[in-house]
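Notes follow once the structure below has been shown.
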Amino acid sequence: MDEKSQVLLERILAFLEEEEKINLPYFLARVKELQKDPGKKESFFSSLLALFIHYNFAEDEAFAHWVRIIEHAEFLSHKLQRPVGIRLPIVDYFINYNRLISHPMVIEFHLFKQTEEMAMVDSLTGAFNRRYMEMSLQKELNRSLRYNKKFSILILDLDDFKRINDTKGHLFGDEVLRRFTEFVKGHIRLEDVFCRYGGEEFLILLPETDSERSLYFANRLTRRLHDHPFFAEHDIHFSGGIATFPDMGGTIPDLLAQADKALYQAKYEGKDRVIVAPKDRRKHLRHPRQWEVWLSYRQEGETINEHTFTENVSLGGLRITSRHVLALEMPIHIQIRKSHTHKDPIPLEGTLVWGRKIEEHEYAYGIAFNELKEKDISELSIDLPKSQLYSDL
1 MDEKSQVLLE RILAFLEEEE KINLPYFLAR VKELQKDPGK KESFFSSLLA LFIHYNFAED
61 EAFAHWVRII EHAEFLSHKL QRPVGIRLPI VDYFINYNRL ISHPMVIEFH LFKQTEEMAM
121 VDSLTGAFNR RYMEMSLQKE LNRSLRYNKK FSILILDLDD FKRINDTKGH LFGDEVLRRF
181 TEFVKGHIRL EDVFCRYGGE EFLILLPETD SERSLYFANR LTRRLHDHPF FAEHDIHFSG
241 GIATFPDMGG TIPDLLAQAD KALYQAKYEG KDRVIVAPKD RRKHLRHPRQ WEVWLSYRQE
301 GETINEHTFT ENVSLGGLRI TSRHVLALEM PIHIQIRKSH THKDPIPLEG TLVWGRKIEE
361 HEYAYGIAFN ELKEKDISEL SIDLPKSQLY SDL
């Protein structure tokens, strides 16, 4: 901040201190936040003015308004022969001189802040709501674009929450959501934003945090949840997906989609873990598994049933070998049995997306799943050992 701006700020603070009924600690805290935020250097006085009248000006225009407001404050103080604080000159300036405000509504400041916060907070949990989430994401994207910064989003989903509601009741389920919100809010930084995404899904916005540090934070959060008496007693845990700007998406919808995909990968790998979305957004993590599989498809007007085994599996599909020559884009009905302990095979629909010859009369094929429901993902879970879950980065 240059010398001219610093002088103006000191004059503003002097009038702030004259306020007798204003929530001064709130405003002083906000001023300090604005001073520390590097993203506010070019919009400091605009942001400061928005605290009072909730109207956004260009920075040079806001600076000029503040100069005239302070001059008006000094004039009123002289005329009234008493300190006037800062709110009176702001209101009088914008009503009678600038005429920007035509129909002001008088309301106690603490009631106004309470009403404003209620509009942005989920009533059940106390986390920020989806409206505030969308505003925060867009604001962080704009800031990161301007200053060439990274940020990450972490989507959390409480595992088997339907089972919790079904077995222990919805009132207990609501208590779980409230306690989980309180738990997470106790472990995030001041600059992080924690929101209820919907249902039992939550989102944490992590400014200036890459995927490596986001995973470290998420793994620490997972361990702390395991150690929490309430959640440990009721075997409550979560799965999560991380996406980082700009590595995994350049828009908010892209980032949400990639974090969501990583979340489903975490569910697929056995739940109670967090996965970082890959930078190659076209691929899923592949895992070597030899599962028994039955294929049924139509070729040359004939229905063919084939029994084989998978070579690897992923959330996107599976790789198998066959002695038949199959046509690409062929729809295939799939039944998978993971082991002899599974009585009923898992029925799925897929499409043949690639194939190549590997030996005489033997071919390798890739079959993509057409659509997976959450139940399918749970049944296809590959259950990685717990030793592979967390890393202390």
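Using the working numbering, the first residue of the sequence shown is number 1, and each one after it goes up by one.
The C-beta atom is built at its ideal place from N, Cα and C for all residues, glycine as well.
1. Alpha carbon to alpha carbon, what distance is there between valine 7 and arginine 224?
2. How would you call isoleucine 107, buried or exposed, if buried means at least 16 neighbouring beta carbons within 10 angstroms?
3. Distance check for serine 77 and proline 83, CA to CA, integer angstroms please.
4. Please specify which runs of the beta strand (DSSP E), each continuous and at least 3 residues long, are wholly inside the segment 306-384, giving them in chain order.
5. By how many angstroms is the C-alpha of glutamate 74 removed from the C-alpha of glutamine 81?
6. Quickly, what does DSSP pair proline 89 with across the bridge? List them, please.
7. Taking just the CA atoms, how far does phenylalanine 369 sit from lysine 375?
8. Assuming contact is defined by CB atoms lying nearer than 9 Å, are phenylalanine 63 and leucine 156 in contact in what I supplied?
9. Between Gly350, Lys338, Leu348 and Arg323, which has its C-alpha nearest alanine 364's C-alpha?
10. So, using beta-carbon positions, are glycine 241 and isoleucine 275 closer together than 9 Å?
11. Along the chain, where does the alpha helix (DSSP H) containing phenylalanine 75 start, and where does it finish?
12. Taking just the CA atoms, how far does methionine 248 sit from phenylalanine 183?
13. Using a Cβ distance threshold of 8 Å, determine whether the segment 211-218 contacts the segment 261-270, with at least three qualifying pairs required.
14. For glycine 241, write down the residues that DSSP places opposite it in a beta bridge.
15. Among residues of its own chain, excluding the 5 on either side of glutamine 258, which ones have a beta-carbon nearer than 7 Å to its beta-carbon?
16. Let me confirm a value: threonine 303 is counted as buried when at least 16 other C-beta atoms fall within 10 Å, else exposed. Which label applies?
17. I need the DSSP call for isoleucine 252, collapsed to helix, strand or coil.
18. Determine the DSSP secondary structure at glycine 126, reduced to helix, strand or coil.
19. Within a Cβ cutoff of 7 Å, which residues of the same chain sit near alanine 232, ignoring the five residues on either side of it in sequence?
20. When we look at the beta-carbon of valine 325 and count the other beta-carbons within 10 Å, is it buried (16 or more) or exposed?
21. What are the partner residues of tyrosine 297, as DSSP defines its beta bridges?
22. Since proline 345 and isoleucine 336 should fall inside the 8 Å C-beta cutoff, what is the C-beta to C-beta distance between them, to a whole number of angstroms?
23. By the 10 Å Cβ neighbour count, where 16 or more other Cβ atoms means buried, how is arginine 146 classified, buried or exposed?
24. Quick test of your reading: glutamate 334 and valine 293, contact by CB under 8 Å. State the CB separation rounded to the nearest angstrom.
25. So, helix, strand or coil for glutamate 201, using DSSP?
26. Quick check on the DSSP output: the alpha helix (DSSP H) that includes proline 288 runs from which residue to which?
27. Please classify glutamine 6: does DSSP put it in a helix, a strand, or coil?
28. Return the bridge partner residues of glutamate 292 from the DSSP annotation.
29. On the three-state DSSP scale, how would you describe arginine 143?
30. Using alpha carbons as the reference points, say which of Leu205, Asp174, Asp60 and Asp92 lies closest to phenylalanine 52.
31. Classify tryptophan 354 as buried or exposed, calling it buried when 16 or more other Cβ atoms lie within 10 Å of its own Cβ.
32. Going by the DSSP bridge assignment, what does phenylalanine 194 pair with across the sheet?
33. Can you tell me whether phenylalanine 230 is buried or exposed, with buried defined as 16 or more other CB within 10 angstroms of its CB?
34. How is the alpha helix (DSSP H) around arginine 163 delimited, first residue to last?
35. Going by the CB atoms, is the gap between leucine 256 and leucine 206 shorter than 9 Å?
Result, derived from the coordinates:
1. In the sequence shown, counting from the first residue as 1, residue 224 sits at position 224. In the sequence shown, counting from the first residue as 1, residue 7 sits at position 7. Looking at the two C-alpha atoms, the distance is approximately 47 Å.
2. What you label residue 107 is simply residue 107 of the sequence shown in a count that begins at 1. With a pLDDT of 46 at isoleucine 107, under the threshold of 50, the predicted position of this residue should be treated as unreliable, and no value is reported.
3. Working through the sequence shown from its first residue, we reach residue 83 at position 83. Working through the sequence shown from its first residue, we reach residue 77 at position 77. The alpha-carbon of proline 83 is positioned some 5 Å away from that of serine 77.
4. Taking only runs of at least 3 residues, the beta strand (DSSP E) segments lying wholly in the segment 306-384 are 317-322, 331-337, 346-359 and 362-369.
5. Counting from one through the sequence shown, the residue named residue 81 turns up at place 81. Counting from one through the sequence shown, the residue named residue 74 turns up at place 74. In this model, glutamine 81 and glutamate 74 are separated by some 10 Å (Cα to Cα).
6. Reading the sequence shown from its first residue, position 89 is the one you call residue 89. The partner list for proline 89 (beta bridge, DSSP) is empty, contrary to what the question assumes.
7. Taking the first residue of the sequence shown as position 1, residue 375 is located at position 375. Taking the first residue of the sequence shown as position 1, residue 369 is located at position 369. One C-alpha to the other measures close to 14 Å.
8. Taking the first residue of the sequence shown as position 1, residue 63 is located at position 63. Taking the first residue of the sequence shown as position 1, residue 156 is located at position 156. Inclusion of phenylalanine 63 and leucine 156 in the CB contact set at 9 Å is not warranted, their separation being larger than that value.
9. For this step, residue 364 is matched to residue 364 along the sequence shown. Nearest to alanine 364 by alpha-carbon distance, out of Gly350, Lys338, Leu348 and Arg323, is Arg323.
10. Sequence index remark: in the sequence shown, residue 241 carries index 241 (1-based). Sequence index remark: in the sequence shown, residue 275 carries index 275 (1-based). At a Cβ-Cβ threshold of 9 Å, glycine 241 and isoleucine 275 count as neighbours.
11. Taking the first residue of the sequence shown as position 1, residue 75 is located at position 75. Taken as a continuous stretch (DSSP letters only), the alpha helix (DSSP H) holding phenylalanine 75 covers 59-80.
12. Taking the first residue of the sequence shown as 1, we reach residue 183 at position 183. Taking the first residue of the sequence shown as 1, we reach residue 248 at position 248. Rounded to whole angstroms, phenylalanine 183 to methionine 248 spans 28 Å at the Cα level.
13. At 8 Å Cβ cutoff, the stretches do not touch.
14. Walking along the sequence shown from the start, residue 241 turns up at place 241. For glycine 241, which the question treats as bridged, DSSP gives the partners Ile155 and Ile275.
15. The sequence position of residue 258 within the sequence shown is 258, counting from 1. Taken in chain order, the residues that qualify are Ala243, Met248, Gly249, Ala277 and Arg281.
16. Position 303 of the sequence shown, counting from 1, holds the residue named residue 303. Counting of Cβ neighbours within 10 angstroms places threonine 303 among the exposed residues, the total staying below 16.
17. Stepping through the sequence shown from its first residue, residue 252 is reached at position 252. Three-state DSSP puts isoleucine 252 in a helix.
18. For this step, residue 126 is matched to residue 126 along the sequence shown. For glycine 126, the three-state secondary structure derived from DSSP is coil.
19. The residue labelled residue 232 in the question sits at position 232 within the sequence shown. Contacts found: His226.
20. The residue you call residue 325 lines up with position 325 of the sequence shown. Burial call: exposed.
21. Position 297 of the sequence shown, counted from the start, is the residue given in the question as residue 297. Tyrosine 297 pairs with Ile304.
22. As a first step, residue 345 must be located in the sequence shown, where it is residue number 345. As a first step, residue 336 must be located in the sequence shown, where it is residue number 336. Contact between proline 345 and isoleucine 336 is confirmed by a C-beta separation of about 6 Å, below the 8 Å threshold.
23. Position 146 of the sequence shown, counting from 1, holds the residue named residue 146. Exposed, since its Cβ has fewer than 16 Cβ neighbours within 10 Å.
24. Looking up residue 334 in the sequence shown gives position 334. Looking up residue 293 in the sequence shown gives position 293. Note on identity: in this sequence residue 334 is isoleucine, with glutamate being the wrong assignment. So it is a contact: roughly 6 Å between Cβ atoms.
25. Position 201 of the sequence shown, counted from the first residue, corresponds to residue 201. For glutamate 201, the three-state secondary structure derived from DSSP is strand.
26. Numbered from 1 along the sequence shown, position 288 holds the residue referred to as residue 288. Taken as a continuous stretch (DSSP letters only), proline 288 belongs to no alpha helix (DSSP H), being part of the beta strand (DSSP E) at 286-288.
27. The count along the sequence shown starts at 1 and reaches residue 6 at position 6. Reduced to three states, the DSSP call for glutamine 6 is helix.
28. Looking up residue 292 in the sequence shown gives position 292. Glutamate 292 pairs with Phe309 and Arg337.
29. For this step, residue 143 is matched to residue 143 along the sequence shown. In the three-state DSSP reduction, arginine 143 falls in the helix class (H, G or I).
30. The residue labelled residue 52 in the question sits at position 52 within the sequence shown. Minimum Cα-Cα distance from phenylalanine 52 among the listed residues Leu205, Asp174, Asp60 and Asp92 corresponds to Asp92.
31. Position 354 of the sequence shown, counted from the first residue, corresponds to residue 354. It counts as exposed.
32. As a working note, residue 194 is residue 194 in the sequence shown. Answer is Ile204, bridged to phenylalanine 194.
33. On the sequence shown, residue 230 is found 230 positions in, with the first residue counted as 1. Classification for phenylalanine 230: exposed.
34. Working through the sequence shown from its first residue, we reach residue 163 at position 163. Counting along the chain, the alpha helix (DSSP H) containing arginine 163 begins and ends at 161-168.
35. Counting from one through the sequence shown, the residue named residue 206 turns up at place 206. Counting from one through the sequence shown, the residue named residue 256 turns up at place 256. Using a Cβ distance threshold of 9 Å, leucine 206 and leucine 256 do not count as a contacting pair.
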